Amino acid sequence: MAADLAKRFRVPGYVASLVPYPPGKPIEEVEREYGVSGSIKLASNENPFGPPPLAVEELAAALSGLHRYPDGGCHYLGRELAAHLGAAPEQLVFGNGSNEVIEFLVKALVEPGDEVISSRPSFLMYSKLVQIRGGVNVVVELKRTGGMDQEPGAAFPLAHDLDAIRARVTDRTRLIFIDNPNNPAGTLVAAGELAGFIASLPEHVVVALDEAYIDFVEPEERPDLSLCRRDPRVVFLRTFSKAYGLAGLRIGFGVMHPELAGVLHRVRQPFNVNSLAQVAARAAIRDLEHHRMTVSETRKGMAWLRGELVRLGCLPYGSHTNFFMVDVRADAARLHELLLRRGVIVRPMAAYGFPDLVRITVGTADENRRLIEVMEECLGEIRGF
Ligand SMILES: Cc1ncc(COP(=O)(O)O)c(C=O)c1O
């Protein structure tokens, strides 16, 4: 923001210094720029198999009701989702994406000067929303769990450092964000370790466990969702944007102690979740086949890609999500650019301090094949053969 205008309007320093979220170019713009068509986007960890067919069907019928405000309490969705999760409807708070639930937590719990702990790297919205509120971001680096020269398929050697996080807790700490699995590392904190960590925290600290990718984690490795019913310090964040295939409709939710949910409802706008999102989410819960297919095809796709990437001389790491880190053994920014020119979009990791790495979201079988074909060409060009 221009400094004189910020001064004139007395914009708080913590707002003026925010960097706006870089808007990704629409795929059509990228295609026009590079003269390509039929691009594939493997950069945002979306569901490549499309929205649940049942949701598409039910959305068509819901369109005729668009002149009405949505159900502000998400009544039916709340009951159906609670039954699906084995939770109570009073434990749920819905948002315009789980992003909005993150925002509710910060709005409800953080006053200017209060501290919020998050890891680096992790999902970027935590620190941004804290800054908007005038809170103090306490950033803890992920810990190294090994060298970068792992066997293909081994976990990426960075994970949440719960001991270091615990050591940074003070009287002013209000919230801790832990994306589990972590984005971008794809690593998971063991449920037992997490339970011990939570038990060690003081009474005044809330831990938000962001489980955006939990559907891709083996059920026996997931933390126990009922934890938050017994312990008001624990909040689980979930989303319909990933395995459920509804990123474009923006709907996510938090599961927490009913009393804490009551606090979050106070800072929520009355109609924050639109009616189509509610209809689609209800259908998505019932479309078990789409969800099952998404998870199993993602696992298959990841295994296939891993083998092919090794053949291309890359080092793919393992992951508990639908994306994974790949050491391309070359300048990843250059590779990203060459791939883009051929209509394949992946996420370069230089901004996270890894100039040889890209993060790739698993696509459909056709998309995965195309990625490998194009990567083979591009790596050949970079490596000079
Ligand atoms: C760890 C994590 N949390 C939350 C989100 C945001 O999800 P939503 O679309 O529900 O706002 C993402 C999206 O990329 C994510 O990676």
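The sequence shown begins at 29 in the numbering used here and counts up by one. The beta-carbon is built from N, C-alpha and C at its ideal position, and this holds for glycine as well. What you are looking at is a predicted structure, and each value in this text was computed from that prediction instead of being measured.
From what residue to what residue does the alpha helix (DSSP H) around residue i run?
{"i": "residue 115", "result": "Premise fails: residue 115 is in no alpha helix (DSSP H) and is neither H nor E."}
{"i": "residue 354", "result": "Here residue 354 belongs to no alpha helix (DSSP H); instead the beta strand (DSSP E) covers 351-355."}
{"i": "residue 258", "result": "255-258"}
{"i": "residue 87", "result": "81-90"}
{"i": "residue 338", "result": "316-339"}
{"i": "residue 133", "result": "126-137"}
{"i": "residue 250", "result": "Residue 250 -> no alpha helix (DSSP H), and no H or E assigned at all."}
{"i": "residue 176", "result": "Counting along the chain, residue 176 falls outside any alpha helix (DSSP H), and DSSP gives it neither H nor E."}
{"i": "residue 33", "result": "31-36"}
{"i": "residue 55", "result": "55-62"}
{"i": "residue 150", "result": "Taken as a continuous stretch (DSSP letters only), residue 150 belongs to no alpha helix (DSSP H), as it is neither H nor E."}
{"i": "residue 43", "result": "41-44"}
Quick test of your reading: residue i and residue j, contact by CB under 8 Å. State the CB separation rounded to the nearest angstrom.
{"i": "residue 186", "j": "residue 172", "result": "6 Å"}
{"i": "residue 75", "j": "residue 270", "result": "6 Å"}
{"i": "residue 429", "j": "residue 348", "result": "For residue 429 there is no data in the structure shown, the boundaries of the chain being 29 and 413."}
{"i": "residue 68", "j": "residue 373", "result": "7 Å"}
{"i": "residue 295", "j": "residue 132", "result": "5 Å"}
{"i": "residue 113", "j": "residue 263", "result": "At roughly 14 Å, the Cβ-Cβ gap does not stay under 8 Å, so residue 113 and residue 263 are not in contact."}
{"i": "residue 193", "j": "residue 226", "result": "The pair is not a contact, with the Cβ atoms about 11 Å apart (cut-off 8 Å)."}
{"i": "residue 182", "j": "residue 346", "result": "6 Å"}
{"i": "residue 286", "j": "residue 31", "result": "Not confirmed; about 46 Å, so no contact."}
{"i": "residue 385", "j": "residue 360", "result": "6 Å"}
{"i": "residue 105", "j": "residue 306", "result": "5 Å"}
{"i": "residue 410", "j": "residue 362", "result": "6 Å"}
{"i": "residue 260", "j": "residue 288", "result": "5 Å"}
{"i": "residue 228", "j": "residue 90", "result": "So it is not a contact: roughly 46 Å between Cβ atoms."}
{"i": "residue 404", "j": "residue 340", "result": "6 Å"}
{"i": "residue 108", "j": "residue 310", "result": "6 Å"}
Go ahead and label residue i buried or exposed: buried means 16 or more other beta carbons lie within 10 angstroms of its beta carbon, across all protein chains shown.
{"i": "residue 198", "result": "exposed"}
{"i": "residue 321", "result": "exposed"}
{"i": "residue 47", "result": "exposed"}
{"i": "residue 268", "result": "buried"}
{"i": "residue 355", "result": "buried"}
{"i": "residue 175", "result": "exposed"}
{"i": "residue 81", "result": "exposed"}
{"i": "residue 220", "result": "exposed"}
{"i": "residue 248", "result": "exposed"}
{"i": "residue 325", "result": "buried"}
{"i": "residue 38", "result": "exposed"}
{"i": "residue 150", "result": "buried"}
{"i": "residue 379", "result": "exposed"}
{"i": "residue 230", "result": "exposed"}
{"i": "residue 40", "result": "exposed"}
{"i": "residue 177", "result": "exposed"}
{"i": "residue 184", "result": "buried"}
With residue i as the anchor, note down where its beta strand (DSSP E) starts and where it stops.
{"i": "residue 215", "result": "Taken as a continuous stretch (DSSP letters only), residue 215 belongs to no beta strand (DSSP E), as it is neither H nor E."}
{"i": "residue 206", "result": "201-207"}
{"i": "residue 238", "result": "234-238"}
Can a CB atom of chain C be found closer than 9 Å to the CB of residue i?
{"i": "residue 355", "result": "Among the protein chains of the structure shown there is no chain C, as only one such chain exists."}
Using only alpha-carbon positions, find the residue among the options that is nearest to residue i.
{"i": "residue 202", "options": "387, 371, 82 and 136", "result": "136"}
{"i": "residue 134", "options": "213, 205 and 182", "result": "205"}
{"i": "residue 273", "options": "308, 65 and 194", "result": "308"}
{"i": "residue 408", "options": "258, 218, 225 and 342", "result": "342"}
{"i": "residue 224", "options": "200, 246, 210 and 252", "result": "252"}
{"i": "residue 57", "options": "234, 99, 400 and 369", "result": "369"}
{"i": "residue 375", "options": "404, 352 and 392", "result": "352"}
{"i": "residue 244", "options": "228, 390, 31 and 70", "result": "390"}
{"i": "residue 55", "options": "44, 42 and 72", "result": "72"}
{"i": "residue 156", "options": "190, 44, 66 and 332", "result": "44"}
{"i": "residue 297", "options": "246, 100 and 304", "result": "100"}
{"i": "residue 179", "options": "335, 364, 350 and 291", "result": "335"}
{"i": "residue 147", "options": "139, 181, 125 and 208", "result": "208"}
{"i": "residue 190", "options": "299, 235, 383 and 102", "result": "235"}
{"i": "residue 257", "options": "120, 211 and 281", "result": "120"}
{"i": "residue 237", "options": "246, 255 and 228", "result": "255"}
{"i": "residue 280", "options": "313, 377, 126 and 216", "result": "126"}
{"i": "residue 233", "options": "143, 118 and 406", "result": "143"}
{"i": "residue 141", "options": "123, 160 and 66", "result": "160"}
Can you pull the DSSP bridge partners for residue i?
{"i": "residue 165", "result": "144"}
{"i": "residue 282", "result": "121 and 265"}
{"i": "residue 389", "result": "351"}
{"i": "residue 187", "result": "171"}
{"i": "residue 375", "result": "387"}
{"i": "residue 68", "result": "372"}
{"i": "residue 346", "result": "183"}
Tell me whether residue i, by its Cβ, gets closer than 8 Å to a heavy atom of ligand 3.
{"i": "residue 125", "result": "Questions concerning ligand 3 fall outside what the structure shown contains, since the ligands it does hold are ligand 1."}
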